[in-house]
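Those protein sequence lines, which keep their order, are chains D and W.
Residues 1 to 114, numbered by this note's numbering, are exactly what the first sequence covers, in order.
Residues 115 to 226, numbered by this note's numbering, are exactly what the second sequence covers, in order.
Where is the CB? At the ideal position from N, CA and C, for every residue including glycine.
Everything below concerns the one structure shown next.
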Amino acid sequence: AQSVTQPDIHITVSEGASLELRCNYSYGATPYLFWYVQSPGQGLQLLLKYFSGDTLVQGIKGFEAEFKRSQSSFNLRKPSVHWSDAAEYFCAVGATSGTYKYIFGTGTRLKVLA
Amino acid sequence: DGGITQSPKYLFRKEGQNVTLSCEQNLNHDAMYWYRQDPGQGLRLIYYSQIVNDFQKGDIAEGYSVSREKKESFPLTVTSAQKNPTAFYLCASSPTSGNTIYFGEGSWLTVV
Chain D
1 AQSVTQPDIH ITVSEGASLE LRCNYSYGAT PYLFWYVQSP GQGLQLLLKY FSGDTLVQGI
61 KGFEAEFKRS QSSFNLRKPS VHWSDAAEYF CAVGATSGTY KYIFGTGTRL KVLA
Chain W
115 DGGITQSPKY LFRKEGQNVT LSCEQNLNHD AMYWYRQDPG QGLRLIYYSQ IVNDFQKGDI
175 AEGYSVSREK KESFPLTVTS AQKNPTAFYL CASSPTSGNT IYFGEGSWLT VV
């Protein structure tokens with residue numbers, strides 16, 4: 001079955017520390033991969049996406065993610081976290097063609113300590 | 115600016131009433147979607163539409179209805195048949211199948 005797993009429900013880091021949010025997927029073929037961020041009571045904002053090519057992709061707000069086909073993973077990283085990064089982060093996959101269904105993980109809530 | 119506009123932001127409904135959530139996009143996207151978000155459950159697809167006058171049920175369509183009379187608009191009606199409608203509702207759109215999906219700011223629905 002197609003699925004997206006974000007194993008960490010909550011993560012707490014200190015401001016200035018590095019961050020890695022994990023995402024694993026199960027899919028029949030290499031899907032399109034996305035990371036979104038959601039502030040409380042707001043919609044989802046696209047951080048970055050992977051369609052093809054270089055497996056290390058850069059996004060907005062200093063985030064990057066690496067696609068590892070062998071591990072079916074698409075982990076999100078940031079070298080130095082800012083207090084404003086506190087939010088919920090969602091990993092998602094989409095089919096490369098033929099279907100309009102996207103599969104979202106259940107999210108990881110990030111808390112940043114001053 | 116281009117984007118997706120949802121209204122109202124907050125809506126209260128009495129039990130037994132139908133309510134309609136509005137979603138308008140000016141991105142010229144073909145596909146539009148409605149998701150429901152509950153705490154700890156991620157996003158669940160209610161309905162989606164690939165083209166005007168056509169739409170498909172998602173994973174949790176029971177108790178909801180939609181229409182797609184215009185490319186820009188995809189309203190969602192939460193009917194009295196929806197047993198637990200209190201949730202955060204997100205409208206989204208994408209240019210084509212599998213492309214990047216963009217979201218509106220969401221609407222809170224509370225049953226009182």
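Run of the beta strand (DSSP E) containing residue i, from where it starts to where it stops
i	result
Arg127/W	Tyr124 to Arg127
Thr12/D	His10 to Ser14
Gln71/D	Gln71/D -> no beta strand (DSSP E), and no H or E assigned at all.
Val180/W	Tyr178 to Val180
Phe169/W	Asp168 to Lys171
Ser221/W	Ser221 to Val225
Residues that DSSP places opposite residue i in a beta bridge
i	result
Val37/D	Gln45/D and Tyr89/D
Gln58/D	Glu64/D
Thr5/D	Asn24/D
Gly94/D	Tyr32/D and Tyr102/D
Thr108/D	Tyr89/D
Trp148/W	Tyr161/W and Cys205/W
Thr134/W	Thr191/W
Ser121/W	Ser136/W
Lys185/W	DSSP lists no partner for Lys185/W.
Phe217/W	Ala206/W
Lys78/D	Leu19/D
Ala141/W	In the sequence as displayed, the identity of residue 141/W is Leu instead of Ala. Paired residue(s): none; Leu141/W is not in a bridge.
Inter-residue CB distance, residue i and residue j (contact presumed, cutoff 8 Å)
i	j	result
Leu141/W	Tyr216/W	7 Å
Phe90/D	Tyr36/D	5 Å
Tyr178/W	Tyr162/W	Not quite, the Cβ-Cβ distance comes to about 12 Å (not below 8 Å), so this is no contact.
Pro209/W	Asp144/W	6 Å
Ser26/D	Lys78/D	Going by Cβ atoms, the distance from Ser26/D to Lys78/D rounds to 26 Å, so no, they are not a contact pair.
Gly156/W	Gly107/D	6 Å
Ala86/D	Leu110/D	6 Å
Glu115/D	Gln38/D	What the structure shows of chain D is the stretch from 1 to 114, and residue 115/D is not part of that stretch, so it cannot be assessed.
Gln109/W	Ser207/W	This structure leaves residue 109/W out entirely; chain W is present only between 115 and 226.
Short CB-CB distance (under 8 Å) between residue i and chain A
i	result
Gly59/D	Given the protein chain composition of this structure (D and W), no chain A is represented.
Near the ligand MG: residue i beta-carbon under 7 Å from a heavy atom
i	result
Lys123/W	Ligands in the displayed structure: none, and consequently the ligand MG is not present.
query = How do the segment 99-112 of chain D and the segment 47-57 of chain D stand: do at least 3 beta-carbon pairs fall below 8 Å, yes or no?
reply = no
task = Scan the segment 38-52 of chain D for residues whose Cβ lies nearer than 8 Å to a Cβ of chain W and list them as they occur along the chain.
result = Gly41, Gln42, Gly43, Leu44, Gln45, Leu46 and Lys49
message = Please identify, using Cβ separations under 7 Å, the residues of the segment 145-176 of chain W that lie next to chain D, in order along the chain.
response = Ala145, Gly154, Gln155, Gly156, Leu157, Leu159, Tyr162 and Gln164
inquiry  = Across the segment 184-194 of chain W and the segment 127-140 of chain W, are there enough close Cβ pairs to call them in contact, namely three or more that are closer than 8 Å?
reply    = yes
ask   = Using a Cβ cut-off of 9 Å, which residues of the segment 200-221 of chain W contact any Cβ in chain D, in chain order?
value = Phe202, Leu204, Cys205, Ala206, Ser208, Thr210, Ser211, Gly212, Asn213, Thr214, Ile215, Tyr216, Phe217, Gly218, Glu219 and Gly220
message = What are the residues in the segment 69-96 of chain D lying within 8 Å of chain W by C-beta distance?
response = Phe90, Ala92, Gly94, Ala95 and Thr96
request  = For the segment 16-39 of chain D, enumerate the residues whose C-beta is nearer than 9 Å to any C-beta of chain W, in chain order.
outcome  = Pro31, Tyr32, Phe34, Tyr36 and Gln38
Cβ-based contacts, 7 Å cut-off: residues of the segment 99-113 of chain D near chain W = Thr99, Tyr100, Lys101, Tyr102, Phe104, Gly105, Thr106 and Gly107
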